[in-house]
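Q: Using the UniProt record's numbering, you'd call the opening residue of the sequence shown number 1 and step up by one each time.
Note that the Cβ used here is the ideal one computed from N, Cα and C, for glycine as well.
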Amino acid sequence: MSFEESKRVALEWIKLVNDGNYDALRTFAAPSTNWWLSGLTSKASMAGDATYASRIDTLESFRTAFKSFELVTRDVVVEGNTVILENEVTAMSHDGRVYRNNAMVKLRIEEGKIKDIREYVDLLAVFEFMGASV
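#1: Report yes or no: do three or more beta-carbon pairs, one from the region 21-37 and one from the region 104-123, lie closer than 8 Å?
#2: Nearest by alpha-carbon distance to P31: which of F127, F129, I114, Y22 is it?
#3: Please identify the residue among F129, Y52, A10, D75 whose C-alpha is closest to the C-alpha of N101.
#4: Starting from R100 and walking both ways along the beta strand (DSSP E), at which residues does that stretch end?
#5: How is T64 classed by DSSP in three states: helix, strand or coil?
#6: Which whole-angstrom value describes the C-beta separation of I117 and T27, a residue pair presumed to lie in contact below a C-beta threshold of 8 Å?
#7: Report yes if the C-beta distance between I14 and L59 is below 8 Å; otherwise report no.
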C-alpha cells in the first residue's frame, strides 16, 4: 500500500469520526482489528485493548453527551502503512460545559482497511469532564 493511500484512508477515517458517521466507520476496519487506548486498566475500564466494533459503539454513545463536537487534525505523519494523527478535540455538552482534549492516534493500514489502532489520550481530561475522581 502506498504512502498516499495510507494517508487517504487515515484522513477519510478521521473525517468520519468527526462527522459521527458510525455506519461508515464500522466498514473501515478488518473484523479482527484491535483498538488499544492508553491508561491504567485498574483506573479506567476504557483503557487497554478492545475490538474496533466495541470502540465505535462506545464512541457513538460518548458523542451523545455533546451538543457540538469538533475534531481537528493538527499533524499527520506517514511511514509505509503506518499513519500517526495528532488531534485536538473540542466539544460542548448539552448543558454548556466545554470538553477539550488531545489525542495521538496510530493507525496500521493494510489493503485499504485499518488493522490496528493505538490511541494515546489524556484520560484525566475525560474524567474531569465526567465529574469522576481517579
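A: Quick answer:
#1: In short, these stretches touch, since the Cβ pair count reaches three.
#2: The candidate whose alpha carbon is nearest that of P31 is I114.
#3: Taking only the C-alpha atoms, the option nearest N101 is F129.
#4: It spans 98-110 - the beta strand (DSSP E) in which R100 sits, taken as one unbroken run.
#5: Residue state, collapsed to three classes: coil.
#6: So it is not a contact: roughly 15 Å between Cβ atoms.
#7: Not in contact: I14 and L59 (Cβ atoms no closer than 8 Å).
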